[in-house]
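Asks:
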Amino acid sequence: MADTLNRWSGIGNLGRDPEIRTFQDGGKIANLSLGCTDTWKKDGQDQKRTFWAKVVLKGNRANVADHLKKGDRILIEGRLEERKWQDQSGQDRYSTEVIVDGFSGRVQFLTTRTEGSSQPSGQSNQSSQQSYAGYDSSLNQRRGWDEGGSSDLDDEIPF
Numbered sequence: 019m020a021d022t023l024n025r026w027s028g029i030g031n032l033g034r035d036p037e038i039r040t041f042q043d044g045g046k047i048a049n050l051s052l053g054c055t056d057t058w059k060k061d062g063q064d065q066k067r068t069f070w071a072k073v074v075l076k077g078n079r080a081n082v083a084d085h086l087k088k089g090d091r092i093l094i095e096g097r098l099e100e101r102k103w104q105d106q107s108g109q110d111r112y113s114t115e116v117i118v119d120g121f122s123g124r125v126q127f128l129t130t131r132t133e134g135s136s137q138p139s140g141q142s143n144q145s146s147q148q149s150y151a152g153y154d155s156s157l158n159q160r161r162g163w164d165e166g167g168s169s170d171l172d173d174e175i176p177f
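Plus 18 on top of the position in the sequence shown (first one is 1) and you've got the working numbering.
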């Protein structure tokens, strides 16, 4: 069993279009800016605070960024990494980023789009959400599981 856990999850809206970089070897990296807003009441007044998460999609996960636009509502699951870099004056700077790559993490669309349109319809419909968790979602249907979590498997368990 692992001694530690490094996992971050957030639901929010993209603050800008993804920045996608493609390398000569065909690899990709996509940088996202995800705004996650907390809301609460204080003395009867609505309060809110937005946390901006830097998200980096690496490898095959970066392909998802081709379908994302500013304002899209998405779910991100990944791990936190701190990156050290130098600014123009030579000062060491640090950035904390959410990394989604390989088998770790997940990107899920929560904004639905009308058919044939790249514009969000504004409705959140569970059945039309798309998930890019590193597996073929059609496998779930072949195993008898649908997107709603119900099962049409036989109730008789042989053990």
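Idealized CB from N, CA, C, for every residue including glycine.
Does DSSP classify residue 30 as helix, strand or coil?
Replies: Correct three-state label for residue 30: strand.
Asks: Any idea which residues DSSP pairs residue 69 with across the strands?
Replies: The partner list for residue 69 (beta bridge, DSSP) reads 54.
Asks: Kindly identify the DSSP beta-bridge partner or partners of residue 113.
Replies: Answer is 101.
Asks: Please go through the same chain and pick out, in chain order, the residues whose beta-carbon is closer than 6 Å to the beta-carbon of residue 37, but skip the five residues on each side of it.
Replies: Closer than 6 Å at Cβ, skipping near neighbours: 49.
Asks: Is residue 49 helix, strand or coil by DSSP?
Replies: It is a strand residue.
Asks: Tell me, which residues are paired with residue 40 by DSSP?
Replies: Answer is 46, bridged to residue 40.
Asks: Between the Cα of residue 114 and the Cα atoms of 87, 91, 81 and 69, which residue gives the shortest distance?
Replies: Nearest C-alpha to residue 114: 69.
Asks: Leaving out the 5 sequence neighbours to the left and right, which residues in its chain are closer than 6 Å to residue 75 when beta-carbon positions are compared?
Replies: So the qualifying residues of the chain are 48, 83 and 118.
Asks: Is it the case that the Cβ atoms of residue 26 and residue 101 are separated by a distance below 8 Å?
Replies: No, the Cβ-Cβ distance between residue 26 and residue 101 is not below 8 Å.
Asks: For residue 105, which residues from the same chain have a beta carbon less than 6 Å from its beta carbon, with the 5 sequence-adjacent residues on both sides left out?
Replies: Excluding sequence neighbours, residue 105 sits near 111.
Asks: Would you tell me roughly how many angstroms separate the C-alpha atoms of residue 35 and residue 90, rounded to the nearest one?
Replies: The alpha-carbon atoms of residue 35 and residue 90 are separated by roughly 9 Å.
Asks: Spell out the partners DSSP gives residue 127 in its beta bridges.
Replies: Looking at the DSSP assignment, residue 127 forms a beta bridge with 92.
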